[in-house]
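Residue numbers (my numbering), protein chains in the order written: chain A, 225 to 687; chain B, 225 to 687.
Number of protein chains: 2
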Amino acid sequence: MAENTMAETLTTASIEERRSALNETVAELYFAGDTRGLRLILNSQHPADLADLMHQYGDDEQQELFACLAESVAAGVLAELDTPTMLDVAENIGPEQLSELVGEMAPDDAADVLGELSEEQSETVLGLMGREEADEVRELLTHEEDTGGGIMTSRLLTVREDMKVEAAISHLREWAVDDQVFNIYALDIEGRLKGIVSLRSLVLAQPDAPIGQIVQRDSIAVAADMDQEEIADLFRDYDLVALPVVDDDGRLMGEVTVDDIVTVIDEEATEDMYVMAATSSEEREERSTFGVVRRRIPWLLVCLVGTLMAGGMIDAFQESLSSLTALLFFMPAIMAMGGNAGIQTSTVTIRNLATGELQKGTVLKSILREMRIALMMGSALGTLVFCVSQLWTGNWIVGSCVGLAMFCAVVFSAFLGALVPIVFRGVGVDPAVASGPLITTLNDGLSLGIYFSIASVLLASWG
Amino acid sequence: MAENTMAETLTTASIEERRSALNETVAELYFAGDTRGLRLILNSQHPADLADLMHQYGDDEQQELFACLAESVAAGVLAELDTPTMLDVAENIGPEQLSELVGEMAPDDAADVLGELSEEQSETVLGLMGREEADEVRELLTHEEDTGGGIMTSRLLTVREDMKVEAAISHLREWAVDDQVFNIYALDIEGRLKGIVSLRSLVLAQPDAPIGQIVQRDSIAVAADMDQEEIADLFRDYDLVALPVVDDDGRLMGEVTVDDIVTVIDEEATEDMYVMAATSSEEREERSTFGVVRRRIPWLLVCLVGTLMAGGMIDAFQESLSSLTALLFFMPAIMAMGGNAGIQTSTVTIRNLATGELQKGTVLKSILREMRIALMMGSALGTLVFCVSQLWTGNWIVGSCVGLAMFCAVVFSAFLGALVPIVFRGVGVDPAVASGPLITTLNDGLSLGIYFSIASVLLASWG
């Protein structure tokens, strides 16, 4: 018993320090060609830190660093690498070594890695693995990536409900030491889930009591095809740490744990932000520049068509514009402010839908709230821009057009921003699309249309 | 032992069904004035579901529903309500009942609720609570909301390292049944954290072994003032479920658990999205429309100034424009496309900074990647818009201006989008601001400036 060791306290500064010290040491050893030194230092690090480190190097260096890792460490790092780097490494080490590393991983990590390879490559690797392990991974690969089945692990701690507590405890002794155990699942003779046994109740129960007596009977499970986002909502709502996955007959298939859910929540937020910025988070898996451009350009083209149509409006309105060129000066303001007000409202709506705060029962409340805000903002901005235009141009017609158009553009854009994501969700389209350039371009165009229409009417009656 | 009970399997459909069935029943009972029925049904639900339900009703109904809840259920619901609703309820029930409910909560939930009240109100409630509980909550209230101290709970399971295993187990028996236990902390005689004891190792150890023998000595802890975002990164990187918080002398103060981290990750993503949409997630705590408008309007005003300056550019360029009005038609396209390309790049950069994927070592790699993408996209869009303008106007000068300006606008905006968030992070500004209207307006204006400059040069030499 080392009396003087204490838990290491991390501070912001110490994390930074540790990271840059590691980086420097590795860089030094690498450029000195000291493979033995590299092996020593790399193999004593956490796989997540090693993956971080490898992402900072180019392809060739990555391969050399990876070659320094012991098998168990290499398996951990491979599971933590981003997809493009993982694919590079996998290609480089070849199917035989890959099958050994994948065999070292937890079945869910193994399925994640193999799921990124082509079907042919994946089958080659599975063929080189032990029969039993390969089957376990194959089973996991049958589920869609973003469902309960796709994120669950199949390595669980189960006991039969007719077992005695002491038998269950000795069963527990055989379990691999380094896995975190959240729940112990009690099954009936046919493998159907009867409930959960907490480690705590196991510790406190009489050794000869049957497991059935300490099972929590009100436990919930999810179906394997449930969407990961919905599962994340259950974890959020009920503060869960693990959730069993069962098949149609209630037989236990696997377990989703809270660390997978942390990843899901990150992924879903990333996906929403990328869609709102008119790209897709799948661009993260692309290895070529062209691959990324292919994902980013389609919505920009939609946007281009929209803005060219706005240009067409200017073309059609040319005559009136030339009689009152001051109207031109406020075009950028009207277009951009409508677009921005729409983005605020749609972002708030999309985020509330994503975190489950906005549900069927609160739709009307949410739209009314946004409309009250929009009316107040539209009035303020309309009045302000009216005053500015009076000072700038001194023309009443321009001032009235600009002020009124600003009010209408803000209110109308906000209305679309509050409504469209909800409608999209209702018809099964990703609500995040509603904050992308599609809706922004629509709002820009509509704002310009409103502006020109008001100008036409006012010019015809006062001009 | 009820042989036929099984774990309940939730499917997407069954969750929806359960929710709407509950809603209907509650609405029926409520409008029939059947308080007894309401009491029965409400008190058998999970507090999270009840909070969801209450958010769908207006103020008066919320108060009536809340009045039907038993004390322990009411405490759970109060901790789950959104801030404006919670404040309404707190005001309505008065300090005495509030102090009883807060006393029922875990100390961290209690601190969260009291942290939202004014200092005076909070002190009144604390004064009405039991001395010991009040002190525990007061201690938690001293930490900043978004630090380790602010999200930790102080109710932990600790053992002395010189205790025997059997003594520790009987200590465990006294622990409240319904709390999830992640870690058991081993302390020395002065309360300093020596390491973590897993429940599993406790079960498997010899009853007369000292705790010191089964302590994990390589455990980590964090300082109470560490930012919650950094703590979330540690949970992500190392797949943690709980992390102890210690003071400067290494004495154990509390524990951050993974369910708090799920909330933190949601909050941080929400905050980033709101900032990117030019508002602040603090608007969620606002009870009045004006309060929300006050948070949303400042950036819109910045944007308004920017777009009016763009209008000023049109004013200054008026003469050339009137000689070649076709240049006007492409103004919306040039402005919007620059802005959109900038949003794509900045969103990708901001998100990678937030999830910790983009760090010091990968800055250059990230900027170069974005520039390659921008060059390819700028070329494609520039060529396309050149062709369109040839077909539309048949004017070479307009075509060249538009094509070249589009290329420059896309590349330049993308460069700013890739660089500015990193610079902001470096100088301590929230990088998410760089995808807000500040940078979009800047990009819009710059794109227009580039367009007009190119047009001036070409008109002077060819026109």
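In this text, a Cβ means the ideal position worked out from N, Cα and C, and glycines have one as well. Computed from a predicted structure; not experimentally measured.
CA-to-CA distance, residue j to residue i, given in whole angstroms
i, j, result
"S443(A)", "D258(A)", "55 Å"
"D471(A)", "E360(A)", "16 Å"
"E340(B)", "E368(B)", "13 Å"
"V383(A)", "T233(B)", "19 Å"
"I239(B)", "T617(A)", "60 Å"
"A448(B)", "A410(B)", "19 Å"
"L552(B)", "V626(B)", "10 Å"
"A299(A)", "M555(A)", "58 Å"
"A557(A)", "G669(B)", "11 Å"
"T189(A)", "T503(A)", "Not covered by the structure: residue 189(A). The range shown for chain A is 225 to 687."
"G450(B)", "M376(B)", "The question names Gly, but residue 450(B) is Met in the sequence shown. Going by the C-alpha atoms only, they are around 11 Å apart."
"R424(B)", "L423(A)", "7 Å"
"M559(B)", "V609(B)", "13 Å"
"T664(B)", "S547(A)", "31 Å"
"Q437(A)", "G580(B)", "46 Å"
"E295(B)", "L305(B)", "15 Å"
"S637(B)", "V644(B)", "10 Å"
"V439(A)", "L381(A)", "14 Å"
"I521(A)", "L605(B)", "9 Å"
"E315(A)", "S512(A)", "16 Å"
"I688(A)", "R397(A)", "As shown, chain A starts at 225 and ends at 687. That puts residue 688(A) outside it, with no answer to give."
"E454(B)", "G530(B)", "35 Å"
"K388(A)", "G474(A)", "23 Å"
"N564(A)", "L577(A)", "20 Å"
Interface residues of chain B facing residue i [CB-CB closer than 9 Å]
i, result
"C527(A)", "A557, A560, M561, N564"
Residue from the options whose Cα sits closest to the Cα of residue i
i, options, result
"A245(B)", "K584(A), I538(A), M601(A)", "K584(A)"
"M561(B)", "M230(A), E363(A), L253(A), C527(A)", "C527(A)"
"L426(B)", "S342(B), D412(B), F406(B)", "F406(B)"
"E347(B)", "R362(B), R397(B), E356(B)", "R362(B)"
"V250(A)", "D473(A), A684(A), D273(A)", "D273(A)"
"D284(B)", "L264(B), V313(B), A642(B)", "V313(B)"
"M329(A)", "M310(A), T307(A), V301(A)", "V301(A)"
"M500(B)", "R397(A), T571(A), A638(A)", "T571(A)"
"S394(A)", "L396(B), L428(B), L381(B)", "L428(B)"
"M601(A)", "L615(A), F639(A), E390(A)", "F639(A)"
"A658(B)", "Y498(B), N619(B), W686(B), L683(B)", "Y498(B)"
"D463(B)", "D483(A), V612(A), G566(A), E454(A)", "D483(A)"
"N247(B)", "R260(B), L467(B), Q269(B), G351(B)", "Q269(B)"
"S590(B)", "M630(B), G641(B), N564(B)", "G641(B)"
Per-residue contacts from residue i into chain A (C-beta, under 9 Å)
i, result
"G300(B)", "Per Cβ cutoff of 9 Å: no residues; G300(B) is ~11 Å from chain A at best."
"H395(B)", "None at all; the shortest Cβ gap to chain A is about 11 Å."
"R460(B)", "A272, D483, V486, T487, D490"
The ligand FAD heavy atom lying under 6 Å from the CB of residue i
i, result
"L277(A)", "No copy of the ligand FAD occurs in the structure displayed, which carries no ligand at all."
Burial state of residue i (16 or more Cβ within 10 Å)
i, result
"E479(B)", "buried"
"S342(B)", "exposed"
"L322(B)", "buried"
"F648(A)", "buried"
"V651(B)", "exposed"
"A231(A)", "buried"
"T573(B)", "buried"
"F514(B)", "exposed"
"V465(B)", "buried"
"E385(A)", "buried"
"G318(A)", "exposed"
Short CB-CB distance (under 7 Å) between residue i and chain D
i, result
"M630(B)", "As a matter of chain content, chain D is missing from the structure shown, whose protein chains are A and B."
7 Å Cβ cut-off: residues of chain B touching residue i
i, result
"R416(A)", "M230"
"L311(A)", "Going along chain B, no residue has its Cβ under 7 Å from L311(A), so there is no contact; the nearest lies around 16 Å."
"F554(A)", "G535"
"H279(A)", "T586"
Under 8 Å from the C-beta of residue i: neighbouring residues of chain A
i, result
"T494(B)", "R575, T579"
"M450(B)", "L234, T235, T236"
Proximal chain B residues relative to residue i, where beta-carbon distance stays under 8 Å
i, result
"M600(A)", "T513, F514, V517"
At least three beta-carbon pairs within less than 8 Å, the region 488-504 of chain B to the region 517-525 of chain A: no
Segment contact flag, the region 456-463 of chain A with the region 540-552 of chain B, C-beta cutoff 8 Å, min 3 pairs: no
Inter-stretch contact (C-beta, 8 Å, three-pair minimum) for the region 410-422 of chain A and the region 364-380 of chain A: no
Cβ contact (3+ pairs, closer than 8 Å) linking the region 591-606 of chain A and the region 253-271 of chain B: no
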